[in-house]
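Note that the protein sequences, when read in sequence, are chains A, B and C.
FYI, the working numbering numbers position 603 of the first sequence as 603, with every residue one higher than the one before it.
So the working numbering is basically just the index in the second sequence, starting at one, shifted up by 10000.
So the working numbering is basically just the index in the third sequence, starting at one, shifted up by 20000.
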Amino acid sequence: MSTRLSKGGRLIDRTAAMEFSFNGKRMRGFRGDTLAAALLANDQMLVGRSFKYHRPRGIVASGAEEPNALVNMGAGGRFEPNQRTTTTELFDGLAATSQNHFPSLDFDVGVVNNYAARFLPAGFYYKTFMHPRPFWKHVFEPIVRQSAGLGKAPKERDEDRYEQAYAFCDLLVVGGGIAGLQAALIAGAAGARVILLEQTPHWGGRAPVDGDVIDGAPAEAWIDATLEALGKMENVTLKARTMAFGSYDHGYVLAEERVADHTPGDGRPKKRLWRIRAAKVLSAQGAIERPLSFAGNDIPGVMLASAVRDYVVNWAVSPGDRTVVVTNNDDAYRTVLALKGAGLEVAAVVDARAQVTGALPAQARAMGIRIETGRGVVKVKGGKRVTGVCIGLQAGEGAVLDEIACDAVAMSGGWSPVVHLWSHCGGKLHWDRRHHMFRPDPARPPITHDGSPMVIPAGAANGALSAAEALSDAAEQGVAAVKALGLKGRTTPLGKADPVEEAAMEPVWIMPQGAGPKLKMKMWLDYQNDVKVSDVQLAAREGYTSVEHTKRYTTLGMATDQGKLSNINGLAVLADALHEDIPAVGTTTFRPPYTPVTIGALAGESRGEIFQPLRRSPMHEWHEAQGAYMEPVGLWRRPYCYPRAGETHEQAVHREILNTRAKVGMLDASTLGKIVVRGPDAGRFLDMLYTNVMSTLPVGKCRYGLMCNEQGFLSDDGVVVRLAEDTWLCHTTSGGADRIHGWMEDWLQCEWWDWQVFTANVTEQYAQIAVAGPDARKVLEKLGGMDVSKEALPFMTFVEGHLGGLPARVHRISFSGELSYEIAVPASHGLALWQALIAAGADYGVMPYGTEAMHIMRAEKGFIMIGDETDGTVIPQDLGLDWAISKKKADFLGKRGQERSFLASPDRWKLVGFETLDGSVIEDGAYVPEEGVNGNGQRNVQGRVTSTYYSPTLKKGIAMGLLKNGPARMDEVVEFTRMSGGTTKARVVNPVFLDPKGEKQDV
Amino acid sequence: MLLLECPYCGVKAEETELAPGGEAHLKRFGPGSAPEEFEAYMFARKNPKGVHFERWRHAYGCGKWFLAARDTATLEVFGTYPAQTSEPPADLVEKIRARRPDWKGYK
Amino acid sequence: MSDLSAKPVSALGGASFDGFAKVREIGPLGMITLRAKPGTKGLDQAVKAAVGTGLPAVRRMEWSGPADTGRGCGWMSPDEFLLILPYAEVSTALAALEQALKGEHALAVDVSDARAVFRIEGEKAGQVLAKLCPADIDRLEPGELRRTRVAQVAGAFWAGEGGYTLVSFRSVAGYVMGLLSHSAMAGSELG
């Protein structure tokens, strides 16, 4: 059983006991424990079930690479699935539950999959859920959905808060082990702006656990001294609990800081996403130990050798009383020494190498430990817990020579440098034939914006695995980084570790090497995704020769693993099956994130009220106070209608329209784009921009204009006002202001840069209010201050002056067809003007109206709306707007595009009006079908509706739409599709339904 | 995420502060141009793997359009320059040739 | 009949938030966008007449008195300047600019009402911006005017006595206030 030792534990504080629960069972641990350490201290080795076969799974690792011990944390608004117990810091009151099992962890019915494992080979889902096709939706999909995914997604709104922060540095050092500390010290002393990140709460990495000696003293002394030196440097920032999980173009690195993961509810952000821009990145991410592939290597109690010594040394946790160590290298003997040092039994070391000669094995031998050389584990015995191992010849086929009782197995298959940050951005690897590992190829680094290497690997991440090599490599790379930054290195005392003589490792990809199919079916490569040696070999037999394909077919290295534990063993097995060299097979692509990142951190502050910017007009609060129903228009929120008590939205819209047509209404039109264009060449410029002529517009007058893109398609419209001889004001659509301003600047800066024109987007400077209806003039006259009579201010003119004491520009323009004034005042006075108009209009029955009333009133008038009648494929000629296209101008944007022959086809769909025969309303998006089918077997169509409403004014359904050769088909009856089946019959009519001569607006 | 220095204001802007504008140094063809010319202006784009000239607007900064030369495969940026030119500056062309001897030129 | 008081209302009516930094909406502040190329005849005199400063260098603010007080001029782009002055003086200043630049190619417009202005104060005020802007706040140079992105909207800021002044568009003032408040919450200091 696993238990807490009575002494030791360099990271725990035995005076700070903490209570926590696992699956409701109360347990105790200490401050400084990880959840995994605390679970093991409470003899909770079984922590989960595997994904596919629901096999019992225990803790394998001690860090971010843990594949099995993923749990649900918290409850309700703090529920979080898939949390690795090995990186979760213990806190008082922590509540975790295991996942991926039913009904309980100890008794799981899904384990039948395990017995059916031979029927669930690699690619099972691909092979099974193919035919028959009708089964997809109701049979296969529910099965796949039920079994897919690791933990369950949270159901409640996340109670925690998250944020992001930007940071900049010359050198980002990733990894707070001895290599990272050494490199940071060198760069810091040279004056570089350094950020040093460490994923755990502790500095120094593995060195203290491995018993490394630096500068003649235990590593911890050097680590403390180095931290102190770094702490004194103002140009160095240290961040613990921060995982750099991805490197991106041009020195951009994302990192996740666990701010309050271990102090939930203290008001601080749970996590913070750092967006770091570094001139250079020094990756000192260390290395990860590889498992060995022997039968039963997934039974709880089988752990990485390095993890076993981590638990013993860091947390005083014994994974078992009697441990068998299985290895192909010398490093695993450090685990032997650690176990013995803690007074625990090492039943035997099973070493696959025939010759075992290093200094560490010699120490073990001197302790009298049984070392079986040339042997391997044939299989592990046990179910929910290891009870023993059967050993045999590594060179053999699996004959059992001996059986050794034990309750833990520590395995070591060698080490793999963590190359993720190097590889994310294109750094290439080469195969190190001495250590049998992929390491960064210095000749092919990821590069940054100036073409120089972006990532500098150092220490174990660079393949310098021993402390002595790691420190000396870090010194070298640190100096190289300083040089690459263009700084002068200043001498700083560098740490040197005592070298330990280690014999070469021997590559062991299968144990024993001649194992038959029965054993291979129990050799796990990827614990999390239940991928075994036999699966990869099957994939190879079925023709999956590319490592990327094999990964997808078998799911090897998917999900949270991302190749951390499974990659090299899997590749080696694949290479062997393909009779290829490992480097020839290569690795799968390393992609961010290195470890899972919570969506909350990626969203940062963007949630709730500030999920995205909402643009509010100066009268926004008034609308809301009136109970207006708001609709999004771009990022703006505009009143759709102002429903009164008991009114539906439709009733409200109809009331607003009838009131405006009969009396007077008011619309908040502040969102309309407003761009001032000025300069000696402004007229010429606007003539290029608009399809009609703006240079001839007299000062004081307004003119409606159209803008097209270079293809000739309609892009925006609005009223242009000539403010002065050299100054125009262009109104754009509500959503179009920024786009059109950018469009103007594009042409002025990139094409006609010699033209003297300045623009300014003044959209938000003005609140704009439309006062429309037969009594509009009376309302303005009541406010007073300017002459708004027909004579002084005729239709399509404007005047500047004071209205009700406010500086205002009043335009006689109309989008409703009524007598209408659009009044612009500085935004700071918008609400005041709005309220004054409401008060002044009270006697005339003024009512505010919303965007829907505006839409219907303009449709009654046959006015087009950008985005309704246009969709990016419509030219003004399609909409009968030929009158607004200058024939005289030699050029304007879109003119050449409109000259293309297909745009002159009589078969173009053109704008007409539609009136249903029965007065009903044509459905939104309805089409006019035609006989026959197209090449794709779809019904042919000859037109579609673009705007369709019930007109309360005309008391019938009206619509505008595009119809093949429409204007030539007046009075023809066409049929529109209905969603419910059948058709709606409608007569083709003039799109102007109301007041075709425009007499009402020009009074 | 790309980092490009705005040649107008000197800010080393990250990609999120910029708006992309596609291929640089296109020649506009207006009324009277041949269909082939107009098609090339409107639709034909080089899309090279390697040296490329692009338009970027410092949208969240000074608002100016500038041009950038970079390698679309390695993302190495050779330089940025103001948009008021119909061809890349000679010193930049020189620099690119030095970095990419196989480069065929910007046309 | 109407007798509207001409008292301008800022976007948020002076909202404020106290966290590890103090955030206040200030204003309305007078602002003029002046577009002209340096070297335009009369430009220096025009700016001098309007706000009492010289033309700022690239990405810099000039103040007529101590920094961040009353009247100033900022470099916005190679042909755009932002004049800052008391709200009530805008029309006089516009007239002065018009006069000084008569016959020259220039454009001056009132944008006082198009903007919202925030003060972020406190020893760690810079951290509030560091959470929202992809700009190197620690390396902001004295007198620098930085235009950048504030989360999802455009903004510009400069350092002054005891903190920073941030300018955004008026319509998104509520969003920006929300961002600043979120980022300034006590306990969320960056260190």
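For each residue, glycine too, the CB sits at the ideal point set by N, CA and C.
Point to revise | Arg-987 (chain A) - containing beta strand (DSSP E), residue span | key: Start at 1 with the first residue of the first sequence, and residue 987 (chain A) comes out as number 987. Membership of Arg-987 (chain A) in the beta strand (DSSP E) is indicated by the continuous run 983-989.
Review point. With DSSP run on the structure shown, which of helix, strand or coil describes Ser-293 (chain A)?
Key: For the purposes of this step, residue 293 (chain A) is taken as residue 293 along the first sequence, with counting starting at 1. Here Ser-293 (chain A) sits in coil by DSSP.
**Study point:** Spatial neighbours of Pro-618 (chain A) in its chain, beta-carbon cut-off 6 Å, leaving aside the 5 residues before and after
**Key:** Residue 618 (chain A) sits at position 618 when you count from the first residue of the first sequence. If we look at Pro-618 (chain A) and ignore the five residues flanking it on each side, its Cβ neighbours are Ala-767, Ala-827, Gly-830 and Leu-831.
Review point. Which partner residues of Asn-761 (chain A) appear in the DSSP bridge assignment?
Key: The residue given as residue 761 (chain A) occupies position 761 in the first sequence. Secondary-structure assignment with DSSP links Asn-761 (chain A) through a beta bridge to A:Ile-675.
Check your understanding: Residues in its own chain within less than 6 Å of Thr-660 (chain A) by CB, not counting five upstream and five downstream?
Key -> Here residue 660 (chain A) corresponds to residue number 660 of the first sequence, with the count starting at 1. Result list for Thr-660 (chain A): Ala-772, Gly-773 and Tyr-849, in chain order.
Check your understanding: Which chain A residues sit within Cβ distance under 7 Å of Phe-10029 (chain B)?
Key -> Locating residue 10029 (chain B) in the second sequence gives position 29, counting from the first residue. Arg-896, listed in chain order.
Review point. If you count every other CB in all the chains shown that lies within 10 Å of the CB of Lys-10047 (chain B), and 16 or more means buried, which is it?
Key: Residue numbering aside, residue 10047 (chain B) sits at position 47 when the second sequence is read from its first letter. In the sequence as displayed, the identity of residue 10047 (chain B) is Asn instead of Lys. The residue is exposed, with fewer than 16 neighbouring Cβ atoms inside 10 Å.
Practice item. Determine, using beta carbons only, whether Ser-247 (chain A) comes closer than 8 Å to chain C. Key: Here residue 247 (chain A) refers to the residue found at position 247 when the first sequence is read from its first residue. Chain C, which has no Cβ nearer than 8 Å to the Cβ of Ser-247 (chain A), makes this no.
Check your understanding: Using the beta-carbon of each residue, which ones in chain C are nearer than 7 Å to Gly-10063 (chain B)?
Key -> Working through the second sequence from its first residue, we reach residue 10063 (chain B) at position 63. Those within 7 Å of Gly-10063 (chain B) in chain C are Ser-20077.
Check your understanding: From A:Arg-31, A:Thr-226, A:Val-419 and A:Leu-105, pick the residue whose C-alpha is nearest to that of Pro-56 (chain A); which is it?
Key -> Numbered from 1 along the first sequence, position 56 holds the residue referred to as residue 56 (chain A). Of the candidates A:Arg-31, A:Thr-226, A:Val-419 and A:Leu-105, the one whose C-alpha sits nearest the C-alpha of Pro-56 (chain A) is A:Leu-105.
Exercise for review: Indicate whether Thr-550 (chain A) and Leu-574 (chain A) have their beta-carbon atoms separated by less than 8 Å.
Suggested key: Along the first sequence, read from residue 1 onward, the residue named residue 550 (chain A) stands at position 550. Along the first sequence, read from residue 1 onward, the residue named residue 574 (chain A) stands at position 574. Between Thr-550 (chain A) and Leu-574 (chain A), the CB-CB gap stays under 8 Å.
Exercise for review: Have a look at the DSSP bridge pairing and note the partners of Gln-768 (chain A).
Suggested key: Within the first sequence, residue 768 (chain A) is the residue found at index 768, counting from 1. Partner residues in the beta bridge of Gln-768 (chain A), as assigned by DSSP, are A:Ala-824.
Practice item. Compare the Cα-Cα distances from Ser-20161 (chain C) to each of C:Lys-20124, C:Asp-20018, C:Ser-20168 and C:Met-20076 and report the closest residue. Key: As a working mapping, residue 20161 (chain C) is identified with position 161 in the third sequence. It is worth fixing the name first, because residue 20161 (chain C) is Glu in this sequence and not Ser. Ranking the options by Cα distance to Glu-20161 (chain C), first place goes to C:Lys-20124.
Check your understanding: With contact counted as at least three CB pairs below 8 Å, one residue from each stretch, are the stretch 479-495 of chain A and the stretch 511-525 of chain A in contact?
Key -> Contact fails: fewer than three Cβ-Cβ distances are below 8 Å.
Exercise for review: Give the straight-line distance between the Cα atoms of Ala-737 (chain A) and Asp-746 (chain A), rounded to the nearest whole angstrom.
Suggested key: For the purposes of this step, residue 737 (chain A) is taken as residue 737 along the first sequence, with counting starting at 1. For the purposes of this step, residue 746 (chain A) is taken as residue 746 along the first sequence, with counting starting at 1. Using only the alpha carbons, I get a separation of about 14 Å.
Check your understanding: Who are the neighbours of Phe-10038 (chain B) on chain A, taking C-beta pairs under 7 Å?
Key -> Locating residue 10038 (chain B) in the second sequence gives position 38, counting from the first residue. Ordered by position in chain A, the residues that pass the 7 Å Cβ test against Phe-10038 (chain B) are Arg-896.
Practice item. Reducing DSSP to helix, strand and coil, say where Asp-971 (chain A) ends up. Key: Translated into the one-based positions of the first sequence, residue 971 (chain A) becomes position 971. Three-state result, Asp-971 (chain A): coil.
Check your understanding: Apart from the five residues on each side of it in sequence, which residues of its chain come closer than 8 Å, Cβ to Cβ, to Ala-926 (chain A)?
Key -> In the first sequence, residue 926 (chain A) corresponds to position 926, counting from 1. Cβ neighbours of Ala-926 (chain A) beyond the five flanking positions: Arg-944, Val-945, Thr-948, Phe-976, Thr-977, Arg-978 and Thr-984.
**Study point:** Beta carbon proximity, Thr-20033 (chain C) to chain B, threshold 8 Å
**Key:** Counting from 1 along the third sequence, the entry for residue 20033 (chain C) is found at position 33. Chain B contact via Cβ: absent.
**Study point:** Length of the line joining the Cα atoms of Val-846 (chain A) and Leu-783 (chain A)
**Key:** For the purposes of this step, residue 846 (chain A) is taken as the residue at position 846 of the first sequence. For the purposes of this step, residue 783 (chain A) is taken as the residue at position 783 of the first sequence. Annotation: Val-846 (chain A) to Leu-783 (chain A) spans about 14 Å, alpha carbon to alpha carbon.
Practice item. Would you kindly report the start and end of the unbroken alpha helix (DSSP H) that includes Gly-20042 (chain C)? Key: As a first step, residue 20042 (chain C) is located in the third sequence; it is residue number 42 there, counting from the start. Per DSSP, Gly-20042 (chain C) belongs to no alpha helix (DSSP H) and is neither H nor E.
**Study point:** DSSP three-state assignment for His-620 (chain A), whether helix, strand or coil
**Key:** Walking along the first sequence from the start, residue 620 (chain A) turns up at place 620. Reduced to three states, the DSSP call for His-620 (chain A) is helix.
Point to revise | Within-8 Å CB hit, Ser-20010 (chain C) to chain A | key: On the third sequence, residue 20010 (chain C) is found 10 positions in, with the first residue counted as 1. Chain A has a Cβ within less than 8 Å of the Cβ of Ser-20010 (chain C).
Check your understanding: Can you name the residues of chain B whose CB is closer than 7 Å to the CB of Ile-447 (chain A)?
Key -> Locating residue 447 (chain A) in the first sequence gives position 447, where the first residue counts as 1. Residues of chain B passing the Cβ test: Thr-10074 and Glu-10076.
Point to revise | Where Thr-595 (chain A) falls, given that 16 or more other Cβ within 10 Å makes a residue buried | key: As a position in the first sequence, residue 595 (chain A) is number 595, starting the count at 1. A buried status is given to Thr-595 (chain A), since no fewer than 16 other beta-carbon atoms sit within 10 Å of its beta-carbon.
Review point. Which residues share a DSSP beta bridge with Ser-20016 (chain C)?
Key: Walking along the third sequence from the start, residue 20016 (chain C) turns up at place 16. C:Arg-20024, per the DSSP bridge assignment.
Point to revise | Segment contact, 8 Å Cβ cut-off, at least three pairs: the stretch 463-470 of chain A with the stretch 447-454 of chain A | key: These segments do not touch.
Review point. Would you call Ile-813 (chain A) buried or exposed, if buried means 16 or more other Cβ atoms sit within 10 Å of its Cβ?
Key: Position 813 of the first sequence holds residue 813 (chain A). The residue in question, Ile-813 (chain A), is buried, as its Cβ has 16 or more Cβ neighbours within 10 Å.
**Study point:** Coil, strand or helix - Gly-29 (chain A) by DSSP
**Key:** The sequence position of residue 29 (chain A) within the first sequence is 29, counting from 1. Assigned with DSSP and collapsed to three states, Gly-29 (chain A) falls in strand.
Check your understanding: Can Leu-911 (chain A) be considered in contact with the ligand GTP, in the sense that its beta carbon sits closer than 7 Å to one or more heavy atoms?
Key -> Within the structure as shown, the ligand GTP is missing, as the structure has no ligands at all.
Check your understanding: Is Trp-415 (chain A) helix, strand or coil by DSSP?
Key -> Here residue 415 (chain A) refers to the residue found at position 415 when the first sequence is read from its first residue. The answer is strand: DSSP assigns Trp-415 (chain A) an E or B state.
**Study point:** Terminal residues of the beta strand (DSSP E) in which Asp-351 (chain A) lies
**Key:** Residue mapping note: residue 351 (chain A) aligns to position 351 of the first sequence, counting from 1. In the DSSP annotation of this structure, the continuous segment of the beta strand (DSSP E) that includes Asp-351 (chain A) starts and ends at 345-351.
Review point. How would you call His-138 (chain A), buried or exposed, if buried means at least 16 neighbouring beta carbons within 10 angstroms?
Key: As a position in the first sequence, residue 138 (chain A) is number 138, starting the count at 1. It is exposed - the Cβ of His-138 (chain A) has fewer than 16 other Cβ atoms within 10 Å.
Check your understanding: Is the beta carbon of Val-326 (chain A) sitting closer than 8 Å to the one on Val-356 (chain A)?
Key -> Working through the first sequence from its first residue, we reach residue 326 (chain A) at position 326. Working through the first sequence from its first residue, we reach residue 356 (chain A) at position 356. No. Outside cutoff.
Practice item. Please check if any C-beta of chain C sits within less than 8 Å of the C-beta of Thr-10085 (chain B). Key: Counting from one through the second sequence, the residue named residue 10085 (chain B) turns up at place 85. Using a CB distance cut-off of 8 Å, Thr-10085 (chain B) does not count as an interface residue toward chain C.
Practice item. State yes or no: is the C-beta of Ala-458 (chain A) within less than 8 Å of the C-beta of Ala-179 (chain A)? Key: As a working note, residue 458 (chain A) is residue 458 in the first sequence. As a working note, residue 179 (chain A) is residue 179 in the first sequence. The answer is yes: Cβ separation under 8 Å.
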